Amino acid sequence: MTLPPPAAVIGVVTASDRASAGIYEDESGPAIEAYFRKVLTTPFRIERRVIPDGFESVRDTLIELADAVGCDLIVTTGGTGPAPRDLTPEATLAAAPRELPGFGELMRKVSLEQVPTAILSRQLAAHRGKCLVVNLPGKPAAIELCLNAVMPAIPYCLDLIGAAFIDTDPAVLKSFRPKLK
Ligand SMILES: Nc1ncnc2c1ncn2[C@@H]1O[C@H](COP(=O)(O)OP(=O)(O)OP(=O)(O)O)[C@@H](O)[C@H]1O
Ligand SMILES: Nc1nc2c(c(=O)[nH]1)N[C@H]1C(S)=C(S)[C@@H](COP(=O)(O)O)O[C@H]1N2
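For the sequence shown, UniProt numbering assigns the number 1 to the initial residue and increments by one for each residue that follows.
Shown next, in the form of structure tokens:
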């Protein structure tokens, strides 16, 4: 009998002063959660956080989700721009020092096809041991676009860093694992 793979733990972090204060409703966090429910075929559970912008709040939330909760993957939304309190990329690198520059490059490229201000996002991806962290912009419209661009490489990236096994429904989104000899 083959045992099913253990459920992956996916953190979803909304960094927004106004959403965390209840001034507007967080739409981007739920959109990230809905995205994983649509594309993943393997078991997972979601850990959501809605926090204020800022270096310490984001860094400490990422460390808690990676180390105490045991997240395999954390997707953040918001705080990637050039405004003074947009510190998600700095906080991500403080928590997860090993950057994977291709993620930010690709997400900006696909976003630029839709909006000229895409170049204002400093979004990146990096890993803290067995946990991959991916930054998305705050705008709800950026969520599916950016995730569709990088998701094909995420399952194999998780394999390489020793995180949980995840897989996508190829009818919805094809992920790519190079064939191993
Ligand atoms: N999580 C979110 N849910 C819904 N809408 C959002 C979210 N984040 C951003 N937005 C929308 O995008 C706009 C610009 O986002 P941005 O991240 O620049 O917010 P902001 O002006 O820096 O303020 P704050 O960080 O307090 O949300 C917001 O005014 C809001 O309309
Ligand atoms: N796909 C996509 N990327 C986008 C945007 C968008 O609307 N769609 N907004 C841009 C804008 S206006 C800003 S200021 C930056 C940073 O947004 P953030 O601070 O909410 O992360 O993301 C950019 N990237």
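By construction, the Cβ of each residue, glycine as well, lies at the ideal position given by its N, Cα and C atoms. Keep in mind that this is a model prediction, so the values were computed, not measured.
heavy atom of ligand 1 below 8 Å from residue i C-beta
i, result
"residue 128", "no"
"residue 49", "no"
"residue 18", "yes"
"residue 83", "yes"
"residue 89", "no"
"residue 118", "no"
"residue 34", "no"
"residue 77", "yes"
"residue 144", "no"
"residue 140", "yes"
"residue 22", "no"
"residue 239", "The structure shown does not extend to residue 239, since the chain is modelled only from 1 through 181, so no value can be given for it."
Closer than 8 Å: residue i CB and nearest ligand 2 heavy atom
i, result
"residue 137", "yes"
"residue 147", "no"
"residue 115", "yes"
"residue 80", "yes"
"residue 125", "no"
Residue j beta carbon less than 9 Å from that of residue i
i, j, result
"residue 78", "residue 31", "no"
"residue 43", "residue 6", "yes"
"residue 107", "residue 71", "no"
"residue 76", "residue 136", "yes"
"residue 151", "residue 39", "yes"
"residue 115", "residue 148", "no"
"residue 121", "residue 81", "yes"
"residue 104", "residue 125", "yes"
"residue 65", "residue 49", "yes"
"residue 141", "residue 9", "no"
"residue 73", "residue 166", "yes"
Backbone secondary structure at residue i - three-state DSSP
i, result
"residue 166", "coil"
"residue 132", "strand"
"residue 21", "coil"
"residue 3", "coil"
"residue 80", "coil"
"residue 113", "coil"
"residue 108", "helix"
"residue 11", "strand"
"residue 100", "coil"
"residue 75", "strand"
"residue 171", "coil"
"residue 158", "helix"
"residue 39", "helix"
"residue 59", "helix"
"residue 150", "helix"
Exposed unless 16 or more other CB atoms sit within 10 angstroms - verdict on residue i
i, result
"residue 97", "exposed"
"residue 89", "buried"
"residue 41", "exposed"
"residue 2", "exposed"
"residue 59", "buried"
"residue 84", "exposed"
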